[in-house]
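Asker: I have a structure I would like to understand better, so I am pasting it below and will then ask my questions one at a time.
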Amino acid sequence: MTETAQRTETASHPESPTGHVEGMNFYTRKWVRPEDLNANGSLFGGSLLRWIDEEAAIYAIIQLGNHRVVTKLISEINFQASARKGDLIEMGLIATHFGRTSLTMTARVRNMITRKSILTIEKIVFVGVDEDGTPIPHGYSTITYDRDRMPRPHAEPLPEKLPETRKGCAEASLRSTRRQPPR
Ligand SMILES: CC(C)(COP(=O)(O)OP(=O)(O)OC[C@H]1O[C@@H](n2cnc3c(N)ncnc32)[C@H](O)[C@@H]1OP(=O)(O)O)[C@@H](O)C(=O)NCCC(=O)NCCS
10 MTETAQRTET ASHPESPTGH VEGMNFYTRK WVRPEDLNAN GSLFGGSLLR WIDEEAAIYA
70 IIQLGNHRVV TKLISEINFQ ASARKGDLIE MGLIATHFGR TSLTMTARVR NMITRKSILT
130 IEKIVFVGVD EDGTPIPHGY STITYDRDRM PRPHAEPLPE KLPETRKGCA EASLRSTRRQ
190 PPR
């Protein structure tokens, strides 16, 4: 089975010959800088994978409405072309399967100007977990293009009854906010 046929079959989103996957948004763009390069002077694969993993985590947080998500699996990674210093690249992700606790997505990276494909990953799986790292059901089955599932803000409100130790610093910070205007 040719790669194109296989790709069309596995993706639930039609893909054009230029590698564009229907419904995929390229939200994240990167400017390839010297610190992102390998010894050959092209973009280091590890840098690109770190950007993809972070982008996929943000996508999973938005889709699953849970800020505790972990990378479970990244399938074969096809580096199709190099990026050079100064290139502008963009990354796209789209969900291909909502499980009970997991989210599967596919990723594309391309040159922002030429649209030439740089990398494809068919399957990235993230899992939503609780504070103990145990997988928890997310209850979703469709993609949101909105921010309607965003989890509660990170900063937990200060507990009513502060433990003694923290009482000092909380009151100090409260005092600083209430400091009197200079006479
Ligand atoms: C992710 C993790 C919590 C899953 O634990 P687990 O014991 O495998 O849990 P489960 O067997 O219940 O699987 C959880 C989900 O992962 C999916 N999953 C497990 N193994 C998988 C695999 N090899 N491929 C695809 N999906 C897989 C399961 O299908 C399940 O999804 P579903 O609930 O939607 O059906 C655990 O493997 C883990 O902590 N891994 C390390 C995560 C990590 O630190 N990543 C790097 C830093 S973010």
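Position 43 (the sequence shown) corresponds to 52 in my numbering; numbering is contiguous.
Note that CB positions come from ideal geometry on N, CA and C, so glycine has one too.
At which residues does the beta strand (DSSP E) containing residue 142 begin and terminate?
Answerer: Numbered from its first residue, the sequence shown carries residue 142 at position 133. First-last for residue 142: undefined, no H or E at that position.
Asker: So what's residue 164 in DSSP terms, helix, strand or just coil?
Answerer: Within the sequence shown, numbered from 1, the residue matching residue 164 stands at position 155. Bear in mind that the predicted position of residue 164 carries a pLDDT of just 49, short of 50, making it too unreliable to give a figure here.
Asker: Quick one: residues in its chain with C-beta nearer than 6 Å to the C-beta of residue 90, no 5 flanking neighbours on either side, listed in chain order?
Answerer: Residue 90 sits at position 81 when you count from the first residue of the sequence shown. Result list for residue 90: 125, 127, in chain order.
Asker: Rounded C-beta distance between residue 119 and residue 30? I'm assuming under 8 Å.
Answerer: For the purposes of this step, residue 119 is identified with residue 110 of the sequence shown, where counting begins at 1. For the purposes of this step, residue 30 is identified with residue 21 of the sequence shown, where counting begins at 1. Not really, about 11 Å apart at Cβ, beyond 8 Å.
Asker: Hey, is the stretch 101-109 in contact with the stretch 29-45, meaning 3+ C-beta pairs nearer than 8 Å?
Answerer: Touching, yes.
Asker: Roughly how far, in whole angstroms, is the beta-carbon of residue 134 from the beta-carbon of residue 82, given that I think they are within contact range, below 8 Å?
Answerer: Translated into the one-based positions of the sequence shown, residue 134 becomes position 125. Translated into the one-based positions of the sequence shown, residue 82 becomes position 73. Between residue 82 and residue 134 the Cβ distance is about 4 Å, and since that is below 8 Å, they are a contact.
Asker: Considering only C-alpha positions, which residue in the set 64, 47, 144, 157 is nearest to residue 108?
Answerer: By 1-based counting over the sequence shown, the position of residue 108 is 99. Considering only alpha carbons, the answer is 144.
Asker: Do residue 149 and residue 73 count as a contact pair if the criterion is CB distance below 8 Å?
Answerer: What you label residue 73 is simply residue 64 of the sequence shown in a count that begins at 1. What you label residue 149 is simply residue 140 of the sequence shown in a count that begins at 1. A contact, by the Cβ cut-off of 8 Å.
Asker: Between residue 96 and the rest of its own chain, which residues show a CB-CB distance below 7 Å, the 5 nearest in sequence each way excluded?
Answerer: Within the sequence shown, numbered from 1, the residue matching residue 96 stands at position 87. Only 41, 120 meet the Cβ criterion.
Asker: Between the Cα of residue 151 and the Cα atoms of 69, 140, 63, which residue gives the shortest distance?
Answerer: Numbered from 1 along the sequence shown, position 142 holds the residue referred to as residue 151. Nearest option by C-alpha distance: 69.
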